[in-house]
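Chains as they are written, first to last, in our numbering: chain A, 1 to 155; chain B, 1001 to 1155; chain C, 2001 to 2155.
Quick reminder that beta carbons are idealized off the backbone N, C-alpha and C, glycines included.
Comments concern the structure below.
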Amino acid sequence: MSKIESRLGELGLELPPPKTPVANYLGCKRSGNLLFVSGRVSRVCGEVGSDISSAEAKLAAQGALLDILAIIKKDIGDLDQIVSIEKLQGFVRSAPTFTEQPLVIDGASDLLIELWGENGRHARTATGAAQLPFGAAIQLDLVMRLGYSNDNNEE
Amino acid sequence: MSKIESRLGELGLELPPPKTPVANYLGCKRSGNLLFVSGRVSRVCGEVGSDISSAEAKLAAQGALLDILAIIKKDIGDLDQIVSIEKLQGFVRSAPTFTEQPLVIDGASDLLIELWGENGRHARTATGAAQLPFGAAIQLDLVMRLGYSNDNNEE
Amino acid sequence: MSKIESRLGELGLELPPPKTPVANYLGCKRSGNLLFVSGRVSRVCGEVGSDISSAEAKLAAQGALLDILAIIKKDIGDLDQIVSIEKLQGFVRSAPTFTEQPLVIDGASDLLIELWGENGRHARTATGAAQLPFGAAIQLDLVMRLGYSNDNNEE
């Protein structure tokens, strides 16, 4: 079992069955040493700050990250190939007066750092969105770093 | 004529005259093997799900992509220099209850895959926006991959 | 004193004391030759087009960039290590009918170009947001290019 998945188990978490993209795109795309990861919405729906609380949304962000990790594992074979987390973009479907987007997206950031340690620390942007696909509460996308390059130009 | 433009012609499409940026930025910027492409809004305006339909918005997304390709051709000289599409970000100006952003952005994704084949398959995020520049319906930006690097450090 | 800070002084501007991230993320993250910079909101709050004007928001965007540059200097030690600005993403908290996001984000783009010259010209996306962390008017994030790489795979 991979190191990352072992740590997930120690945290009492596991990868869900991988979902497939809902439209005409890839779950993730390799580009040299970078892995661009598609936006994935949370299974939890609703407007944060009205339909659901900040704490519920934080847990939904962790859940969306688990869905993303399951997709990446399916696509590239092994999460241990990811050596560093570079950038996280998080959109929070926000009630008009809700301004705690950073606390919500910590639900994903905290887990990335638990799994990848210091290399899991990342740049991040947490933004409010008026609406998201399927009425989801959260949407996350990422740029990660692979331990190898698929690009001949960079060898 | 370039291969990409030939395929465009086979699909009955053509590049429009290239627009110029509306403010103080570049149409696209080379960074090593990557090409960062500026956000471009659709010529079609309106809120999707109220002013215009999902199908109209999908066509608007295709139109915005054609405008982007025209700008890139003007800036880098030849679309065949682009070897792969890495990431597409799409914002859809959404009515409060509109949640079909992924179907709308397929208007751009479908064309990228028709033009670049398997290398045109990309990571993607489709998000709702409450408002966009000029009241446009759609905004797209991209990260693409060039067949060469402009960076001495990576040679 | 660094060249970039000298130019700042010539413009009558100076770096503010660096703020620390408000949640569990880094101010910026090195990835090969790239520097991914976290989203930073403006100190100025309010909805642009109702609470504050387009001109006030443009100045707020310049202020948010100064905060970002102070954070980067603290994190990487010297702004002269940045050789090029690749991509700027700007979110403008927009009143329902406000559509001048590009003019607002010029507040940051203009300064980047004054500081880095031709290499400061960048790709950019300026988008409307219904809400932002802390009710801020503006949020900016960036991808910059460093004059060296921290990645052994790219040597």
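Determine, using beta carbons only, whether residue i comes closer than 8 Å to chain C.
i, result
"SER1042 (chain B)", "no"
"ASP106 (chain A)", "yes"
"GLN156 (chain A)", "Absent from the model: residue 156 (chain A). The displayed extent of chain A is 1 to 155, so no value can be given."
"GLY1032 (chain B)", "yes"
"ASP1051 (chain B)", "no"
"LEU1015 (chain B)", "no"
If we cut at 8 Å on Cβ distances, does residue i have a partner in chain B?
i, result
"LYS2029 (chain C)", "no"
"ASN24 (chain A)", "yes"
"GLY46 (chain A)", "no"
"ARG2007 (chain C)", "no"
Could you check how far apart the C-beta atoms of residue i and residue j are, in whole angstroms? I think they sit under 8 Å.
i, j, result
"LEU1146 (chain B)", "VAL1083 (chain B)", "7 Å"
"ALA2061 (chain C)", "ILE2105 (chain C)", "6 Å"
"ALA1123 (chain B)", "LYS73 (chain A)", "At roughly 16 Å, the Cβ-Cβ gap does not stay under 8 Å, so ALA1123 (chain B) and LYS73 (chain A) are not in contact."
"THR99 (chain A)", "PRO2133 (chain C)", "6 Å"
"ILE1071 (chain B)", "GLY1027 (chain B)", "4 Å"
"LYS180 (chain A)", "GLY107 (chain A)", "Only positions 1 to 155 of chain A appear in the structure, and residue 180 (chain A) is not among them; the question remains open."
"VAL2022 (chain C)", "PRO102 (chain A)", "5 Å"
"GLY2025 (chain C)", "SER109 (chain A)", "Before going further, note that residue 2025 (chain C) is Tyr rather than Gly in the sequence given. The Cβ separation is near 6 Å, so the contact holds."
"VAL1037 (chain B)", "ALA1137 (chain B)", "Not quite, the Cβ-Cβ distance comes to about 19 Å (not below 8 Å), so this is no contact."
"SER2 (chain A)", "ASP78 (chain A)", "5 Å"
"LEU1115 (chain B)", "ARG1007 (chain B)", "5 Å"
I need the DSSP call for residue i, collapsed to helix, strand or coil.
i, result
"GLN2101 (chain C)", "helix"
"GLY120 (chain A)", "helix"
"SER1084 (chain B)", "strand"
"SER1006 (chain B)", "helix"
"SER109 (chain A)", "helix"
"LEU115 (chain A)", "helix"
"GLY2147 (chain C)", "coil"
"GLY1128 (chain B)", "strand"
"GLY12 (chain A)", "coil"
Mind checking if residue i is an interface residue toward chain A, Cβ cutoff 8 Å exclusive?
i, result
"VAL1037 (chain B)", "no"
"ALA2061 (chain C)", "no"
"PRO1133 (chain B)", "no"
"ASN1152 (chain B)", "For ASN1152 (chain B), the pLDDT reaches just 49, beneath the cut-off of 50, and the residue's location in the model is therefore unreliable, leaving the point undetermined."
Can you find a heavy atom of the ligand MG that lies under 7 Å from the Cβ of residue i?
i, result
"ARG1040 (chain B)", "As presented, the structure is devoid of all ligands, the ligand MG included, so that no description of it is given."
(message) At a CB distance below 9 Å, what residues from the region 63-95 of chain A approach chain B? Give them in sequence order.
(response) Within the region 63-95 of chain A, those residues whose Cβ lies closer than 9 Å to any Cβ of chain B are, in chain order, GLN89, PHE91 and ARG93.
(request) Return the residues of the region 2108-2129 of chain C that lie within a Cβ-Cβ distance of less than 8 Å from chain B, sorted by chain order. (result) Taking 8 Å as the Cβ-Cβ cut-off, the region 2108-2129 of chain C approaches chain B at SER2109, ASP2110, ILE2113, ARG2121, HIS2122, ALA2123, ARG2124, THR2125, ALA2126, THR2127, GLY2128 and ALA2129, given in chain order.
(message) In chain order, what are the residue ranges of uninterrupted beta strand (DSSP E) at least 3 long that sit wholly in the region 21-88 of chain A?
(response) At a cut-off of 3 residues, the continuous stretches assigned as beta strand (DSSP E) that sit fully inside the region 21-88 of chain A are 28-31 and 34-41.
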